[in-house]
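For the first sequence, counting from 1, position 333 maps to 710 in this note's numbering; every step adds exactly one. Below you'll find the structure, written out as structure tokens, and then a few comments.
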Amino acid sequence: MALSTQPYKGARDFYPEDRRLQKYLFSKMRTVTERFGYEEYDAPILEPIELYMAKTGDEIVHEQTYVFQDRGGRTVTLRPEMTPSVSRMVAAKRQELQYPLRWYSIPNLWRYERPQHGRLREHWQLNVDIFGVKDASAEIEIIQIADAILREFGATPDMYTIRLNSRKMMDFIMREDLKLSDVQAHTLSRLIDRRAKMPADAFAAAVDAIFTPSQRDTGNSDRLLELLDMTRIEQLPEALQRQPATQELKELMATLEQSRIPNVIFDITLMRGLDYYTDIVFEVYDNHPDNNRSMFGGGRYDGLVGLFGVDPLPTVGFGMGDVTLRTFLEGHGLLPNLRSETDVYVITIGQVYQQAQAAIQEMRELGLNVAVAPAGSKTDKQIKIAHKKGIHYVLFIGQKELEKQQYTLRNLLTSQEEQHSIARIVSIIRDYRTTEA
RNA sequence: GCGAGUGUAGCUCAGUUGGUUAGAGCGUCUGAUUGUGGUCCAGAAGGUCGUGGGUUCAAUCCCCAUCACUCGCCCCA
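Next up, the structure:
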């Protein structure tokens, strides 16, 4: 029985071509995030299961993570998200860190579920968090970063929409206005999250089922359904508009507009699943007709660091997954043809392999990535190979070149061929390397 | 965990209402006289038709089971 060549379910092999794209995605993420003054951190891929029990939600931990016993009998989990880990790290050095803290990471994360479109078992996710800022400047900055990353890939505002909502405001509606209990509020939150997927009457019936008979008598259902149809903050009832949480949301939207981010909308049905969000939440939607879905999101979670027995710390962050990002870029034609990491492919002609080594080594010492064709291989075949590998330059070294110390450099994209010294060749290729892929 | 769909060449897929040697395009390899690719031309290799069982004179095709993949649902980090 032969071994299977398939990668583990829901996980991917990255052939050099795939890895090159992955590196491209990560490098843009890093560039932009660091542009805002963020520093990279990392944590172990294994964490004790307790880390996720407290705030993530029971079902997620029990049914949707990889959990197993290590040899010492400890129950460990393959990290399904980064937020608990980074909260742990921050809590551990709560007193000595300088706030605000601006941190980011690109961890691989694992979840145990059946793979489907845009959702695999292993994925990489850029996590960006700011710790220690109470006011909305944290939200502003975090959303600016999310937006700037998409722009860096060439996306324009018409390609995506940033949706905003306030958990605090929703809480006010559910507790103060509708007088719901904790359990009812929780159930209703989940239901609102799924509204777009349900027929209107099914949704209305499900809402009705949450209320007790006496709550129903006061016309709660109708009031709520009406509220959920409102697409602008100005439409909300005045009492709700006067709420500090609503005011903050309004302010935030105005500031984002000032930041030249026009594609922000208010979405009262946006809840996000995670229980640890405490205030503003946001989600970025792909506007492409074939992929009209949430790409990624984030929000404020002021309670997590405090779980580790230290003073609480206000925090805002988001996570951007590589799979959904890739689908987005693909759909909008924003994936570039990336060239090889190899700058130049050297093809020796005739019996000169030995004499060619000095020139080859010189190029490497001057910083070029140089691959060399096997001695005695056929010239035409080797050019083909260079082309297929995505290498843009071929350098021919034969008797003629060695005698004159002038080497033949061929650009495979333009078919131009010139003869130059090694120093000149190095400078040409280094210039070329800095141009866009 | 639940539901649906699909498994034929390395890839994308045709195909036979069950009937000799199962096809195409792309890709791969070879060649057009040895220092130059991408186009074009000629040729070649490559398949136990996912796996196991059943029905039949005969199964890639029909039936059952199983595995894998894909897409939904649940959940969404």
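Even for Gly, the Cβ is constructed at its ideal location relative to N, Cα and C.
Hey, quick one: how far does the beta strand (DSSP E) through residue i stretch, first residue to last?
i	result
M672	S671 to R677
E628	E628 -> not in any beta strand (DSSP E); alpha helix (DSSP H) instead, spanning P621 to Q635.
P425	L423 to P425
R479	L478 to S482
L486	N485 to W487
Per DSSP, which one or two residues make a beta bridge with residue i?
i	result
Y784	H797
T692	F508
R540	I642 and E660
M697	L503
V444	T454
Q493	R496
E417	Y481
E724	As written in the sequence, residue 724 is Ile, which differs from the Glu given in the question. In the DSSP output, where bridge partners are listed per residue, I724 has F773.
In or out: residue i buried (at least 16 other Cβ within 10 Å) or exposed?
i	result
K545	buried
D663	buried
G696	buried
P484	buried
A631	exposed
A752	exposed
Q776	exposed
R741	exposed
F643	buried
A468	buried
D720	buried
S543	buried
N714	exposed
L423	exposed
F391	exposed
P621	exposed
M575	exposed
T442	buried
G675	buried
H494	exposed
Just reading off the alpha helix (DSSP H) that residue i is part of, what are its end residues?
i	result
R397	P393 to R412
R448	That residue, R448, is in no alpha helix (DSSP H); it is neither H nor E in DSSP.
R528	S514 to E529
P815	With the chain running from 378 to 814 in the structure shown, residue 815 is simply not present.
I569	D559 to D570
D720	That residue, D720, is in no alpha helix (DSSP H); it is neither H nor E in DSSP.
S381	Unbroken run through S381: none, as it is neither H nor E.
Q618	E615 to Q618
D554	Premise fails: D554 is in no alpha helix (DSSP H) and is neither H nor E.
L605	N597 to L605
V584	A577 to I587
S591	P590 to D594
Please work out which residues of its chain come closer than 8 Å, Cβ to Cβ, to residue i, disregarding the five sequence neighbours upstream and downstream, and give them in chain order.
i	result
G414	R479
W501	Q399, F403, I483, P484, N485, L486, G698 and D699
Y418	V463, M466, W480, Y481 and S482
L497	G387, A388, R389 and V700
Q446	T452 and V453
N669	Y662 and D663
D667	G708
P384	D390
L605	I569, R572, I645 and T646
Cutting at 7 Å between CB atoms, please list the residues of its own chain near residue i, excluding the five before and the five after it.
i	result
A525	V409
I737	V723, V747 and V749
D599	none
F673	V661, F695, G696, M697, G698 and T701
M607	L613 and I645
Ignore the nearest five residues each way along the sequence and tell me which others in residue i's own chain have a CB closer than 6 Å to its CB.
i	result
R677	T655, D656, I657 and V693
A515	I507 and V693
K766	S717
R787	V771 and E794
A573	none
D535	none
V687	A468 and R471
E611	none
Say yes only if the C-beta of residue i is nearer than 7 Å to one or more non-hydrogen atoms of the ligand NAP, and no if none qualify.
i	result
T533	Inclusion of the ligand NAP in the displayed structure is not the case, the ligand content being empty and no account of it being possible.
For a minimum of 4 consecutive residues, which ranges assigned as the alpha helix (DSSP H) are wholly contained in the region 727-779?
Counting only runs of 4 or more, we get 730-742 and 756-765.
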